[in-house]
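Have a look at the structure below, then the notes.
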């Protein structure tokens with residue numbers, strides 16, 4: 325029986341290093357992580373990152389050789405094997421400035437054009453699609469309608485969508501979707517609004533839960549149907565997990581809206597709150613949950629070291645999958661030496677950072693930690709139940725479509741841990757170095773032959 329174990333240990337500068345599991349079965353009952361493949365939960369759609377203008381602008385400034393390195397690192401067989409991506413519907417904070425696809429005050433949308441994206445964003449997306457080994461699925465999100473459609477008359481600093489422009493804004497979204505499809509980019513999902521409770525210094529727009537529901541029911545879903553885009557799944561919220569349940573509940577409680585919504589999108593910026601996702605699953609079992617944004621913000625985590633940052637990623641990903649998340653979408657694919665560009669100075673880190681002056685490409689530890697999930701968990705995998713003997717370990721396990729068991733184990737402690745990975749009473753010993761991440765793969769069940 326084939327078994328494999330891949331470990332990243334920053335202390336030894338080892339990344340995805342394959343190590344042999346000791347032959348024979350472990351009888352240890354005190355240090356067990358159990359797998360229960362008979363308890364299969366949600367189906368995994370995939371992994372990816374955001375094709376922001378900041379990422380595309382940084383990419384365009386690099387040499388062809390560096391660009392190919394990044395494409396392989398994210399989408400190639402030797403890299404993260406990303407099969408998803410998030411697109412922004414015109415500008416966000418990680419852009420060179422505010423921009424839209426229409427001229428200001430155009431109430432007919434006759435001026436609509438995605439020519440802006442053809443400069444840098446679309447070429448990056450298309451090259452990523454060429455590199456990926458399977459069909460990429462895309463999700464798109466708006467940060468703000470054009471200024472003339474909003475109550476505050478600008479794209480930044482919150483404001484709301486004017487009631488008289490709800491239909492026009494919904495049509496604008498459908499034009500974006502058709503324009504991207506004409507470019508060969510099949511956007512399968514959209515969110516109504518990025519972070520609809522946050523008044524930001526950058527592109528932002530406010531919706532209450534009820535307003536989001538009304539917009540979906542009366543404007544967005546009908547516009548998609550009229551434009552023959554009913555196959556595009558609508559996701560609500562697209563904001564932090566701490567309010568995910570009550571926001572989803574408030575929106576889905578708008579009579580008629582529940583049938584129009586495919587799922588709930590969440591971010592990580594206010595903490596774990598994994599149980600809020602479980603509540604959504606419990607009350608709305610037909611709704612999908614996508615994690616659509618997370619990053620290491622310079623304003624909050626500038627003093628943390630690379631291990632702490634990477635462990636934030638692994639902890640959140642394991643917790644999300646155990647709570648019902650089906651897709652994990654990181655924020656910017658790459659950023660420049662400043663953590664941008666960003667038109668309001670809202671800088672952050674990305675798993676791959678680039679120096680556009682020297683042309684260097686730096687894979688951070690977070691990159692390798694993401695890979696412990698994305699490289700080994702295939703689209704169509706099912707999350708399965710686990711138990712663990714200590715909270716020093718985060719564990720998440722999956723069954724791939726070919727029957728492989730894939731278990732990701734994070735050791736957050738300062739000591740090496742000897743564990744027994746067990747299924748149906750049969751166990752195999754695994755050594756987890758201090759502050760390491762391991763992915764263990766078995767073809768059928770978690771035991772090795774002597």
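Residue numbers (my numbering): 325 to 774.
Glycine included, each C-beta is placed from N, C-alpha and C at the ideal position.
What you are looking at is a predicted structure, and each value in this text was computed from that prediction instead of being measured.
Best match in the options for proximity to residue i [C-alpha to C-alpha]
i	options	result
residue 391	616, 450, 433 and 645	450
residue 437	489, 363 and 507	507
residue 688	462, 351, 447 and 404	404
residue 351	762, 748, 761 and 757	748
residue 701	685, 727, 426 and 676	727
residue 353	767, 764, 763 and 743	743
residue 431	496, 419, 458 and 591	496
residue 575	534, 406, 549 and 670	534
residue 481	425, 459 and 416	416
residue 756	408, 717, 767 and 766	717
residue 699	396, 384 and 379	396
residue 558	752, 613 and 433	613
Pairwise C-alpha distance: residue j and residue i
i	j	result
residue 547	residue 738	54 Å
residue 722	residue 489	45 Å
residue 627	residue 375	27 Å
residue 759	residue 745	18 Å
residue 498	residue 643	34 Å
residue 428	residue 511	26 Å
residue 336	residue 741	16 Å
residue 589	residue 386	32 Å
residue 410	residue 349	43 Å
residue 466	residue 500	11 Å
residue 685	residue 652	23 Å
residue 665	residue 623	15 Å
residue 362	residue 630	37 Å
residue 523	residue 731	39 Å
residue 633	residue 640	11 Å
residue 327	residue 553	44 Å
residue 344	residue 456	29 Å
residue 762	residue 444	36 Å
residue 712	residue 356	6 Å
residue 394	residue 454	13 Å
residue 358	residue 715	14 Å
residue 412	residue 459	20 Å
residue 377	residue 563	21 Å
residue 578	residue 603	18 Å
residue 765	residue 707	14 Å
residue 720	residue 733	7 Å
residue 595	residue 618	11 Å
residue 487	residue 332	52 Å
residue 767	residue 751	14 Å
One or two residues paired with residue i in a DSSP bridge
i	result
residue 527	480
residue 332	761
residue 318	Because the chain in this structure spans residues 325 to 774, residue 318 falls outside the shown range and cannot be described.
residue 465	412
residue 371	652
residue 636	DSSP output for residue 636 lists no bridge partner at all.
residue 766	327 and 729
residue 678	685
residue 485	474
residue 341	331
residue 673	620
residue 379	Residue 379 pairs with nothing; no bridge assigned.
residue 751	746
CB contact below 9 Å: residue i versus chain B
i	result
residue 358	Note that chain B does not occur in the displayed structure, where there is just one protein chain.
Residues near residue i by beta carbon distance below 6 Å, same chain, minus five either side
i	result
residue 654	373
residue 532	none
residue 598	643 and 647
residue 545	584
residue 600	565, 568 and 569
residue 804	Nothing about residue 804 can be reported from this structure: the residues present for the chain run from 325 to 774 only.
residue 503	438
residue 709	360 and 363
Beta-carbon proximity list for residue i, same chain, < 8 Å, skipping 5 on both sides
i	result
residue 704	367, 368, 724 and 725
residue 539	485, 490, 494, 516 and 531
residue 382	658, 659, 660, 665, 678 and 680
residue 440	414, 423 and 425
residue 297	The structure shown does not extend to residue 297, since the chain is modelled only from 325 through 774, so no value can be given for it.
residue 582	576 and 608
residue 505	511
Proximal residues to residue i (C-beta, below 7 Å), its chain only, five neighbours per side dropped
i	result
residue 637	690, 693 and 694
residue 671	622, 662, 663 and 664
residue 400	455
Residue i CB to nearest heavy atom of the ligand ATP below 8 Å
i	result
residue 584	Annotation note on the ligand ATP: not contained in the displayed structure, which lists no ligands.
Practice problem: Within the segment 489–566, note down every full beta strand (DSSP E) run reaching 3 residues or more, in order along the chain. | Solution: Within the segment 489–566, the complete beta strand (DSSP E) runs of at least 3 residues are 511–515 and 557–564.
Self-check item: Ranges of the beta strand (DSSP E) found wholly within the segment 687–727, counting only runs of at least 3
Solution: Counting whole runs of 3 or more residues, the segment 687–727 contains the beta strand (DSSP E) stretches 706–712 and 717–723.
Quiz item: Counting only runs that start and end within the segment 398–459, where is the beta strand (DSSP E) found for 3 or more residues in a row?
Solution: List check, beta strand (DSSP E) in window: 408–413.
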